[in-house]
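Position 269 (the sequence shown) corresponds to 269 in full-length UniProt numbering; numbering is contiguous.
Don't be surprised by glycine CBs; every beta carbon is placed ideally from N, CA and C.
Scroll down for the structure; my scribbles are underneath it.
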Amino acid sequence: SDHGSRDKPGTPLGRTAPDGNVLFPDIFHTDHLLFYERFRAYEDYILADCKASEAKQFIAEYLEKVLEPSGWQAIWRTDVFEVLVGVVDVNFPALKAVVQLSEPFLCESQDSSFTLECMQELLELKEHQILLQELWVVYDESGEFGQTALAIEHVRFFYRCIWRTWDEEEEDEFDYFVRCVEPRLRLHYDILENRVPSGLVVDYQNLLSQCEELYEKFLNVRNSISSSDSDSEAENVSMVEGLKLYDQVEHLKQKLKLIETPLLRYVFGYQKYGSLQAKGQRPTGARVIHVVPWTMTASLFQLLARDKLRPESCEDLEIQFHRDPLAAVNACYEGDRVIICPGHYFVDGVFSIADSVELEGYGLPDDVVIEKQGKGDNFFDCTGANIKISNLKLVQHDAVEGILNVHHGKTTLENCVLQCETTGITVRTSAELLMRNSDLYGAKGAGVEIYPGSGCTLLYNGIHHCKEGILVKNFLDEDYDVPKITMVNNMIHNNEGYGVVLVRPEIPSEMKDASAQKTKVGWVDSVKIEENEFQDFLRMWLLCMTGDILFPALGNTQPTQAGDETACAEGSRQEQPGCVTDELELYKRAETSEQAENNSEIANVLGATSAKKSQTHKKRLSELGFTEADDNLMSQEMFVSVVGNQFKWNGKGNFGIFFF
């Protein structure tokens, strides 16, 4: 809700008592505004379609309409003091208020040096003008100054959370609200509502601080050059330094934009576990079996001793007992093994596995359940060289990232059940996943996300009731290798979107061709493929990847030869009546043939994408003057084996392509 009338730019506000020892009067409570309220205020009333250079002017015009020019009190807050002042006038173009100290004099500071005389002297130095964003309006029972408090809150939030000092230098065809304000506002509320991983939040704040610092240095260098008329060696050095600073600032700004854009934020991801160090082997060189019993009985101990702790296989191994799985994993060194007995374990924390360990449930997956309790970014983070997880059911709640993230090394997931909350399994760049005989469902994103440069083998799994089944991220760029994918005998069904989605950028040559042939063809940003169009679409897409033609609009495609044969077959069946058994047999054969074609077409599409990347690499090398490329270095084609998979009842179709 917006807490009030939607016909007004502001909403009724409550009151709150300021913190501290001084008895300041209550102020309007303005820091609880919802996303919708701020979004609507900036879009409809304050910024509209202004450019970045016009933002201050638009804000001043807005304040002239809603701000009371005098007659109200406020608390002036800085990093070192707070003091009660009265507003006697407003300098709208400068976004400043003309103030005087209130009586009685109320001031709170970190030390006792800010006396009445000191504050009067400070105001005189400032010509009694202070920034509006430093004022918190004193609460008024009549509500007369509520709009004033709300307007100042919008200004304060804009300059604290939205505005960047370099925004004015980035003019383009998009208005400032669309280009900068909306994505930064959404990011702010995504962080508040725990929809952004804490590691990514830290990265963003660090990047922002670095960019602001470098940009200030760049401005100083640029100003020193512009103020000098000489053509000295020192000025030339300053110019070189300025260019380096400019490149660094631009690089940081691009990183900030990636995080501010919701799609690219998760498409490109981030590497926050590079510093997680493996323990390695124990100093003694011994290996340990960690046993986690829900309740340990004599019969259970005998079964464990017979099946898992046999003397001939564990003669030199130490056995340790733990109360919960997380404590057992945290105690592991290289080569250790964790055996979890049947039970339902509630864990408040993250499994960060940096060594090659084995985590095994003793029993069926439904008998050994690990359920996440409490909020957190993720559940399982794997960076070890060779990790194996088997016979477990993982249940995720209140998370931001996926249920299992493979950041580095190889992780094997066998005979497991994964009940997801956000994304399912994420296979990051340079990581490898082998998933066998497992069941994954419930992801609000993709069931499995496969990043560039990774390896993913999916054998005999079920992936269902997710937003998307499998998301393959393949970027035709020199910084990324294509993923290596094997999919055999998986059942991908009942997903809201597609069974398999390929994410890739638009290539400039394609965009140029699309512009030249826009009267004949249509380019799609998000592809929806109906069942009866699936084969024709993929064949056309293969031609687009290997040739120089573009997507025809799906509704205008001409029937293919295969389509004609199908039509003839249907006509023959109508002319020659047969028994129900024959019809069912024909249906089964057709269904089997369709699934086989689906697997073949997906493999061909992904393979063609890899070939396109190889061509792009060779073209770049040729432009750099390398006429002959090493075939071994250039053989980065996607290894694809897509056989025996079944795709059923996926909302948008079996296969889709998303361009960005």
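- As the crow flies, the alpha-carbon of V87 is around 20 Å from that of R15.
- Put simply, the segment 42–60 does not touch the segment 97–110. Fewer than three CB pairs are less than 8 Å apart.
- Non-local beta-carbon contacts of Q320 in its own chain, meaning distances under 6 Å to residues more than five positions away in sequence, involve V288, H290 in chain order.
- Non-local C-beta neighbours of I492 in its own chain, meaning closer than 6 Å and more than five positions away in sequence, comprise I463, G469, G499, F647, ordered along the chain.
- Distance from N386 to K410 at the Cβ level is roughly 5 Å; contact confirmed, criterion being Cβ atoms closer than 8 Å.
- By the beta-carbon neighbour count (other beta carbons within 10 angstroms, threshold 16), D307 is exposed.
- For the 7 Å CB-CB criterion, T457 and T486 form a contact.
- Under DSSP, no beta-bridge partner is assigned to L309.
- Taking 8 Å as the upper bound for CB-CB distance, L116 and F105 are in contact here, some 5 Å apart.
- With respect to the 7 Å criterion, R428 and Y451 are classified as neighbours on the basis of their beta carbons.
- Per DSSP, R186 is one residue of the alpha helix (DSSP H) stretching across 182–192.
- Taking C-alpha positions only, Y345 is separated from I339 by approximately 13 Å.
- Counting along the chain, no alpha helix (DSSP H) covers K444, and no H or E run does either.
- Per DSSP, C416 is not a residue of any beta strand (DSSP E), being assigned neither H nor E.
- The continuous alpha helix (DSSP H) containing A55 extends over residues 55–66.
- For L326, the enclosing alpha helix (DSSP H) stretches over residues 325–330.
- Scanning E216, S454, K372, E127 for the CA closest to the CA of N91 turns up E127.
- Of all alpha-carbon atoms in K51, F301, T383, M296, the one lying nearest the alpha-carbon of R323 is that of M296.
- Put simply, the backbone Cα of V80 is about 24 Å away from that of L150.
- The beta carbons of L187 and E260 sit closer together than 7 Å.
- For P293, same chain residues with a beta-carbon under 8 Å away, outside a window of 5 residues either side, are L300, F321, C341, G343 in chain order.
- For A74, the enclosing beta strand (DSSP E) stretches over residues 72–77.
- Within the segment 335–373, no run of alpha helix (DSSP H) at least 4 residues long lies entirely inside it.
- Sorting V417, I403, D439 by C-alpha distance to the C-alpha of G445 places I403 at the top.
- The Cβ atoms of Y333 and R265 lie no closer than 7 Å to each other.
- In the DSSP secondary-structure assignment, F659 is bridged to R504.
- Cβ neighbours of Y139 within its own chain (closer than 6 Å, five residues either side excluded): R15, D26, I27, F28.
- Shown here, V22 sits in coil according to DSSP, grouped into three states, outside any helix or strand.
- Assigned with DSSP and collapsed to three states, D167 falls in helix.
- Inclusion of I425 and G384 in the CB contact set at 7 Å is not warranted, their separation being larger than that value.
- Under the three-state reduction of DSSP, G146 is assigned to helix.
- By the 16-neighbour rule on beta-carbons within 10 angstroms, W649 is exposed.
- Around the beta carbon of E37, 16 or more other beta carbons sit within 10 angstroms, so the residue counts as buried.
- When the five nearest sequence neighbours on each side are left out, the beta carbons in the same chain lying within less than 6 Å of the beta carbon of L418 are those of L394, I403, L440, in order along the chain.
- Around E43, the same chain offers F177 as residues with beta carbons nearer than 7 Å, after the five sequence neighbours per side are excluded.
- About 12 Å separates the beta carbon of V482 from that of V503, a gap too long to meet the 8 Å contact definition.
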